[in-house]
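*Asks:*
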Amino acid sequence: MFSAICKQTHPATGIEFSISCHFFNNSEKNLVTAGANILKVFRIVPDVEPHIKEKYTDIRPPKMRLECVAMYTLYGNVMSLQSVSLAGSQRDALLVSFKDAKLSVVQHDPDTYDLKTLSLHYFEEEEIRGGWTGNYHVPIVRVDPDNRCAVMLVYGRKLVVLPFRKDSTLDEIELQDVKPMKKPPIQLIARTPILASYIITLKDLDEKVDNIIDIQFLHGYYEPTLLILYEPVRTFPGRIAVRSDTCTMVAISLNIQQRVHPVIWSFSGLPFDCCQVVPVNKPIGGCLVVSVNAIIYLNQSVPPYGVSVNSIADHSTQFPLKPQDGVKITLDTAQMTFIENDKLVMSLKNGELYVLTLCADSMRSVRSFHFSKAASSVLTSCICVCEEEYLFLGSRLGNSLLLRLTQKDQSMVITIEDTEKEVEKEKDVMTKQRRLEEEELEVYGSGPKTSVQLTSFTFEVCDSVLNIGPIGHMCVGQRAKEEDQEEEGEHDEDTAQWDLEIVTSSGHGKNGALCVLQNSIKPQIITSFGLTGCTDVWTVADDSGKKVEKVEDSTHAFMILSQENATMVLQTGDEINEIEKTGFCNNLPTIFVGNVGNNRYIVQVTTKSIRLLQGARLLQNIPFDKEAPLATASVADPYVCVLSQKGVVLTLALREAKGTPRLAVNKNTVSPSPPVKTLCSYRDTSGMFTSKYEDYADRGQGNNLYNTGFGYMKPEPNMKIEDEEDLLYGDAGNSFKVTSMAEMAVGGKKGSEWWRRYLQASKPTYWLLVTRSNGNLEIYSMPDLKLTYLVNNVANGNKVLTDSMEYVPLITNPEEAAQGDVIMCGPQCQVSIQEILIVGLGSHGNRPLLIIRTEMDILIYKVFSSRCHQENSELIHSWIHKSLTLVLFRQLLILPIEPVILLTDLRSICHQAQKGPVSAITHVLGFLVTAVGQKIYLWQLKDGDLVGVAFIDTNIYVHEMVSIKSLILVADVYKSISILRFQEEYRTLSLVSRDFQAQTVFSAEYVVDNSNLGFLATDVDGNIIIYMYHPESRESFGGQKLLRKADYHLGQRINTMFRIQCHLREHQRQDQLERRISNYDHKHITFFGTLDGGLGFCLPLPEKTYRRLFMLQNLLMVHSSHLCGLNPKVFRTIKSSRKMQANPARCIVDGELIWSFIQLPMNEKMELAKKIGTRIDEIYSDLAEIHSVTAVF
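Per the UniProt record's numbering, residue 1 is the first one in the sequence shown, and the count goes up by one each step.
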């Protein structure tokens, strides 16, 4: 058995889907993106400094940037992503589809700041599958524009309809009182907004419906109307002479109540290369059918209109098309979205951006198209409009971009002239219209000409989302040294001293790039000197005699180093020098140094005193009792908080009365019982730390009753009667609805300056956080030191820290309170807290993070919803031994390697033509190995010429070869992997073993586990498979067949890998080093890069570690619920488009699932560890070993 662990160290960075929706609440719009199994939520915020006061207007808004506020890792790849606004909901829900036919409806949960699953839909039963063994159809999800229903296409022939409850009637339900201390509020709870789903078999509607290309909902219909674009009988470019226009569209009306679905409109004879449908919003209506070479506008009530965008359409279709002058483009893989009712942005496959204007006449019939090339951008995979005037281009081939659309000042007006026949027909009508009144002329139109104003746009890049995918190839090498480092001597070859980097070839086409990756920030060391006995260090600024406009512009003036029994003060500048005879205390250890008064003063806290200084001059000294020395301190300007070793808290505040700065002691105190263990002060500028929700809501997060938790009623759209159909049938039944009180409260005028709420500064508030010996976390407001928030047993590591103020028992006996054993608001904390810290991250500090360090963990909480809730030999070896070989079509070039490689220094050693394109290259025992299709040749360089040594014929097409000693691992595009052996004494290249299963292999590498050698292969389905050579096994047919020992489904295609020795650090404790040497000394890590931009590794595990983690994995699968209701075991089981002839081997532990053990509360960790018969520290030790030996970058 071969056991290993597979873990992704960095998630996928490519983006395939993007939508704009109200993810958190209805008062703001968010950008939701998906790529592979990663779901991210972004917020668009102004990119301005807090101290810069500049007036912004709607015409000149601030520059925006994207802020990632949430990321979710799913156990399944996202196949389609849509949003829906459910009745009575305060936020939008997401509809996410997964292979083969799974649909999850999820929504943000404000109570846990996580995704909650609203409903799950599974359609993979055999009767629904209809005989499909391998599914090649993507489960496409579409949502009705009026949020009445959603549909999902499964297996290419069935439609799943998911109706939504339209009635938003709310029932008043008084909740049962579980806390008798006060009367509970009356909440408005809506009925379930998602109704039962059902399936429509498309063959029942029309027998010809097959090979569906796209589905879309149309706008402006009384019932949900779905348009289906399909190709009943397929054709291809070589057959268009006899069968060309094969595409057909059909529109069906979905009667959800009676489940009747009549066909109301159909159109045939569309070009065979139609690729998508774009619905057009009212008042124009209809849809755009996009083919590779043409765009066609279709509407049920008007004749079709189409244009050809290149000359190929003239010979590939019989559909009547007008040539579009000045345009030569192709529209395959183009992404489109509307920015106005008659304008849409198109991103072509070469990255060009066009603005397409639909020119309609007075009867709202599209009569012409206008193309305007606006810019050239990234190769786009998805596109959506965010907020107003902002466009997001998502890409999996380059960096995704956030663009701002701006209308140019100049505009052009064109006139649409009707055809001659239409003009003659309308002459009689015009004579009659002269007798009509002016009001009737406005209804029927006043002439055969209509003017259309064309607007040009400019696109400005505001922000980008980095993407290192698709990773085509990557290699590892040692980091380049500085000149002074090279003079010190050669680097030690030990792995503990390696300083490695990864170089990847990423992107595609014009978005191609070389990326240099390293695991952390590598600072440039200017100078270094040794210090003995130093326990802590601080740097402080001195702006007392300077005019500094911003606090951020301050430079550090002093460096204070605390030792066991003394303090060293260094002055910084051009040089760092030790200074004496200053106001700093030097004969005592320092526990804290910081700035107050906007960096004009310095506070030094020692074990026995607090000193206030201005520069190096002492202003005030406050001594403390020797029997209660100070233990820790914290500063939130202007407050200073200190804690004694006996658990007593003292707060001081800076006062500058009469020009004399002083630290004044606060009369308000914190109860000393139970003893306080740690403290931290915090200056909040986010507005989240408040006891009143209105203070936070006034900042623009929601300023009405319907956003504060008592339900939300979404207003109906404004009544605009612009069509005769609206007068007869209404706009989806909503136009004549009487305005309700909810509309009056919510449906106010929508301000275009939505970004202003992010620029509103909150009044700073000051808070003190303390932890006590009983494990409680308390938050006090300053300066009154009033207890406002209490969390029981905070070291347990619960996912959400909730307030327990209402459960604090009353203290009736002061003597008992003094003993410190009365106030126990929860179970006794089993893990002690060592340190706490709270910092404000994000824009304007609006994302406070609470960091808690315990004996075993570091817990990080986010506050939300106003609740605290290279050596040459090694680098060259990675290419080829002693020389660099370049593959150029049918020629081989061998170039020498100099110490410094420059393009101008390359010269050819050997130049030899080949019989075909060289598809792979490697080396073995000093010989050059090349592959030309299915043939593999062995070459030797003699007298400047390549001499053939041996050759062998293999399967079909070899695209990668990897060698180790005399073995060559060969990867074939169609026939999996093979093992070749070169015998130098016989000059023979022979086949040792191979995989009998046909398989499309993307990459191959070796797996080294002590004396065991495995062969790792990745395939087209995103699987990782490990083979072994076992000639003594009966199943291997005497060693002819490679045996599959382990398999694992990653969900992302791997195109490149490399192998490196496990990293063993020398600075670790002796016992830890010995254990890691015994477990991982002769093991190699196989790192991989995916086409979605992800990085990860596969590591062989010791048997004991594997058994322990395997049992833990089985418990974690069922211990807690998973996002979107997905099963990790099903996702990690090997997938194949062909019917597999063997059972999954598994034997690879899921690293993502194992690492989720760290996120569990302490009591749940203890429970799981007890079930598998081990301890938490054993599991922690295993995870720490894996992390340490794989951290080689």
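The beta carbon of each residue, even a glycine, is placed where N, CA and C say it ideally should be. Since we're looking at a predicted model, the values are computed, not measured.
(1) For the structure I just gave you, are there three or more beta carbon pairs, one from the segment 396-409 and one from the segment 10-19, closer than 8 Å?
(2) Contact between the segment 678-692 and the segment 843-857: three or more CB pairs below 8 Å?
(3) Taking DSSP's pairing of strands, which residues face residue 34 in a bridge?
(4) In chain order, what residues of the same chain have a beta carbon less than 7 Å from the beta carbon of residue 565, not counting five sequence neighbours either side?
(5) As a quick exercise: from 5, 66, 35, pick the residue whose alpha carbon is nearest that of residue 758.
(6) Mapping DSSP to helix, strand and coil, what is residue 1202?
(7) Which residue marks the beginning of the alpha helix (DSSP H) containing residue 1105, and which one marks its end?
(8) Quick check on residue 598: does DSSP put it in helix, strand or coil?
(9) Which of helix, strand or coil does DSSP assign to residue 1183?
(10) Mind checking which residues open and close the alpha helix (DSSP H) that includes residue 1128?
(11) For residue 1086, tell me which candidate among 766, 1063, 1093 has the shortest Cα-Cα distance.
(12) Just grab the DSSP bridge partners of residue 217 for me.
(13) Between residue 209 and residue 202, is the Cβ-Cβ spacing less than 8 Å?
(14) Determine the extent of the alpha helix (DSSP H) in which residue 128 is found, giving its start and end residues.
(15) Below 8 Å between beta carbons: does that hold for residue 642 and residue 654?
(16) Going by other Cβ atoms of all chains shown within 10 Å of its Cβ, with 16 needed for buried, is residue 1110 buried or exposed?
(17) Between residue 336 and chain D, is the shortest Cβ-Cβ distance under 8 Å, so that the two count as touching?
(18) Would you call the segment 1136-1155 in contact with the segment 87-104, where contact means no fewer than 3 C-beta pairs closer than 8 Å?
(19) Under 8 Å, with one C-beta from each stretch per pair, do the segment 1112-1131 and the segment 1020-1034 reach the 3-pair mark?
(20) Can you give me the C-alpha to C-alpha distance between residue 1114 and residue 1061, rounded to a whole angstrom?
(21) Helix, strand or coil, according to DSSP, for residue 138 in the structure here?
(22) In whole angstroms, what separates the C-alpha of residue 290 from that of residue 857?
(23) What are the start and end residues of the beta strand (DSSP E) that includes residue 340?
(24) Short of 6 Å in beta carbon distance, which residues of its chain neighbour residue 940, apart from the five on each side in sequence? Order them along the chain.
(25) I need the straight-line Cα distance from residue 803 to residue 155, nearest angstrom please.
(26) Compare the beta carbon distance of residue 151 and residue 1124 with 8 Å and say whether it is the shorter of the two.
(27) So, for residue 805: in the same chain, excluding its five sequence neighbours on each side, which residues have a beta-carbon less than 6 Å away from its beta-carbon?
(28) According to DSSP, simplified to helix, strand and coil, what is residue 272?
(29) Whole-angstrom Cβ separation of residue 287 and residue 270, contact assumed at under 8 Å?
(30) Please look up how many angstroms separate the CB atoms of residue 580 and residue 570, rounded, as I've assumed it's under 8 Å.
(31) Helix, strand or coil for residue 579? Go by DSSP, reduced to three states.
(32) Put residue 627 into one of helix, strand or coil per three-state DSSP.
(33) Helix, strand or coil for residue 393? Go by DSSP, reduced to three states.
(34) Between which two residues does the beta strand (DSSP E) containing residue 375 stretch?
(35) Using the three-state DSSP reduction, which class does residue 935 fall into: helix, strand or coil?
(36) Between which two residues does the alpha helix (DSSP H) containing residue 245 stretch?
*Replies:* Looking at the coordinates:
(1) yes
(2) yes
(3) 17, 39
(4) 589
(5) 66
(6) Any answer about residue 1202 is impossible in this case: the structure gives the chain only from 1 up to 1193.
(7) 1103-1119
(8) coil
(9) helix
(10) 1128-1132
(11) 1063
(12) 226
(13) yes
(14) 126-129
(15) no
(16) buried
(17) Reference to chain D is not applicable here, since this structure consists of a single protein chain.
(18) no
(19) no
(20) 29 Å
(21) coil
(22) 55 Å
(23) 335-340
(24) 927, 947, 949
(25) 49 Å
(26) no
(27) 790
(28) coil
(29) Actually they do not touch by this definition, with Cβ atoms about 12 Å apart.
(30) That belief does not hold up - the Cβ atoms of residue 580 and residue 570 are roughly 11 Å apart, past 8 Å.
(31) coil
(32) coil
(33) strand
(34) 366-376
(35) strand
(36) No alpha helix (DSSP H) contains residue 245, which DSSP labels as neither H nor E.
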